[in-house]
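For what it's worth, the UniProt record's numbering labels the leading residue of the sequence shown as 1, then goes sequentially. Glycine residues also receive a C-beta, built at the ideal position from the N, C-alpha and C atoms. All remarks here apply to the structure that follows.
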Amino acid sequence: MDDRLHYGSPAKVFHWLVVALLAIQFPIGWFMPDVHSGPPGRAMTLHISFGLIILALILLRLVWRITHPVAPESSLPPWQRVSSEAVHWLLYGLVLATTFTGWLFASFRGWSISYFNLVPLPMLATKNTDAIHRIDGWHQIAEWALLIAIGIHVAAALVHIFIYRDRIMQRMLPGRR
Numbered sequence: 001m002d003d004r005l006h007y008g009s010p011a012k013v014f015h016w017l018v019v020a021l022l023a024i025q026f027p028i029g030w031f032m033p034d035v036h037s038g039p040p041g042r043a044m045t046l047h048i049s050f051g052l053i054i055l056a057l058i059l060l061r062l063v064w065r066i067t068h069p070v071a072p073e074s075s076l077p078p079w080q081r082v083s084s085e086a087v088h089w090l091l092y093g094l095v096l097a098t099t100f101t102g103w104l105f106a107s108f109r110g111w112s113i114s115y116f117n118l119v120p121l122p123m124l125a126t127k128n129t130d131a132i133h134r135i136d137g138w139h140q141i142a143e144w145a146l147l148i149a150i151g152i153h154v155a156a157a158l159v160h161i162f163i164y165r166d167r168i169m170q171r172m173l174p175g176r177r
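As structure tokens, then:
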């Protein structure tokens with residue numbers, strides 16, 4: 001069996017860890033108190049830390065995908081192969097946009113950036129109060145675009161499971177080949 005037809009274990013681990021962290025990250029972001037005043041609180045520290053972990057995982061996922069490509073499912077019509085590939089790259093781009101705009105937001109606020117207040121990371125920019133609201137807006141746009149792209153991705157997976165009844169989803173499920 002051609003291994004290029006299936007996602008390897010690292011790709012599956014990266015995928016499902018990002019899914020789990022995004023499922024935690026979005027509610028933290030939505031329900032945390034106003035972040036435009038004062039230093040970051042515990043919720044913001046968690047939000048930043050999870051965002052940095054998501055960033056690291058998506059970068060590893062991209063490196064893995066580029067160095068270990070998976071052949072498109074040959075049973076799919078060409079339009080589905082193209083749209084599937086486009087949505088996957090859109091998801092990567094939006095995760096990167098969301099995490100980098102969040103990091104920029106924290107940098108413009110003058111906050112120190114670290115993983116759970118343990119491992120410091122550099123600021124991407126100097127403190128800039130004029131840019132805070134603009135970058136926050138970009139972060140929110142990227143967040144909503146990411147949610148829409150995730151919705152499209154999940155809807156397509158459900159169509160394959162329940163309508164087409166093919167085995168496309170098996171390629172990404174843990175423990176499956």
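1. If you follow the alpha helix (DSSP H) that serine 9 is in, where does it begin and where does it stop?
2. Alpha carbon to alpha carbon, what distance is there between leucine 21 and valine 87?
3. According to DSSP, what are the bridge partners of leucine 121?
4. Would you check if there are 3 or more beta carbon pairs closer than 8 angstroms linking the region 63-76 to the region 37-53?
5. The alpha helix (DSSP H) that contains phenylalanine 50, what's its start and end?
6. Thinking just about the alpha-carbon of each residue, which of Phe108, Ala131 and Gly175 is nearest to the one in methionine 123?
7. Is the CB-CB distance between tyrosine 92 and leucine 52 below 7 angstroms?
8. Let's test the definition: count the other Cβ atoms within 10 Å of the Cβ of leucine 94 and tell me whether it reaches 16, buried, or not, exposed.
9. Report the rounded CA-to-CA distance for glutamine 140 versus alanine 106, giving the unit in angstroms.
10. Which residues bound the alpha helix (DSSP H) around glutamate 73?
11. If you draw a straight line from the C-alpha of leucine 173 to the C-alpha of alanine 155, how long is it?
12. Between the region 120-139 and the region 61-75, do at least 3 Cβ pairs fall closer than 8 angstroms?
Well, looking at it:
1. 9-31
2. Spanning the alpha carbons of valine 87 and leucine 21 requires a straight line of approximately 20 angstroms.
3. Ile113
4. no
5. 42-67
6. Phe108
7. no
8. buried
9. 14 angstroms
10. First-last for glutamate 73: undefined, no H or E at that position.
11. 16 angstroms
12. As far as the Cβ criterion goes, the region 120-139 does not touch the region 61-75, which means the pair count is below three.
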